[in-house]
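Novice: Residues are numbered in my numbering as their position in the sequence shown, beginning at 1, plus a constant of 597. Built from N, CA and C at the ideal position, the CB exists for glycine as well. Got a structure for you, written out below as structure tokens; questions coming shortly.
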Amino acid sequence: MRPILGSVSELVYVLLRIVAGFVFWCHGAQKLVGMFPGPQGPMHVHGLFLVAGIIELVCGSLVIIGLLASPAALLASGEMAVAYFMAHFPHGFFPIKNMGEPAVLLCFIFLYISAKGAGRFSVDSFRGKQ
Numbered sequence: 598m599r600p601i602l603g604s605v606s607e608l609v610y611v612l613l614r615i616v617a618g619f620v621f622w623c624h625g626a627q628k629l630v631g632m633f634p635g636p637q638g639p640m641h642v643h644g645l646f647l648v649a650g651i652i653e654l655v656c657g658s659l660v661i662i663g664l665l666a667s668p669a670a671l672l673a674s675g676e677m678a679v680a681y682f683m684a685h686f687p688h689g690f691f692p693i694k695n696m697g698e699p700a701v702l703l704c705f706i707f708l709y710i711s712a713k714g715a716g717r718f719s720v721d722s723f724r725g726k727q
């Protein structure tokens, strides 16, 4: 069966990359500068939360623009795997039970981005590094 959006699949992939990177970036901005309302803010960040915030802000930005997107997405995927097993898995096996769905989804989206690369509409493709 032919994909319904096959003719625009590259554009859809770029949108996936940008949206996933932006969601990740927002978590880093929340942790590091308190940009969005939530339990974390710049005064509460230390240890692993500081490292996570830096990874989220930097890797999210790189994935959004498509610069070094593959290694950035691999690091982001690893962070989400660690976050899932440290914060969610102890509360139960199934992500629906332990509220870990966002971590699992971002982990596998970033793993896919790492495998596929930044795509046609990216800084990497304009630099000829794709």
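#1: Using a 10 Å radius around the Cβ and a threshold of 16 neighbouring Cβ atoms, would you call Glu607 buried or exposed?
#2: Could you tell me the distance, in whole angstroms, from the CA atom of Phe705 to the CA atom of Ala684?
#3: Determine the closest residue to Val609 out of Gly725, Gly716, Phe723, with distance taken between C-alpha atoms.
#4: Any idea if Leu602 is buried or exposed, counting beta-carbon neighbours within 10 angstroms, 16 or more meaning buried?
#5: Among Pro634, Gly725, Ile651, whose alpha-carbon lies nearest the alpha-carbon of Trp622?
#6: Looking at C-alpha atoms only, which residue of Gly625, Asn695, Pro699, Pro634 is the closest neighbour of Ser658?
#7: Distance, Cα to Cα, Leu612 vs His688?
#8: Here's a check: name, in chain order, each residue in its chain whose Cβ is nearer than 6 Å to the Cβ of Pro692, leaving out the five neighbours to either side.
Specialist: So, from the listed chains and residues:
#1: exposed
#2: 17 Å
#3: Relative to Val609, the option among Gly725, Gly716, Phe723 whose CA is nearest is Gly716.
#4: exposed
#5: Ile651
#6: Answer by Cα proximity: Gly625.
#7: 33 Å
#8: Glu698, Val701
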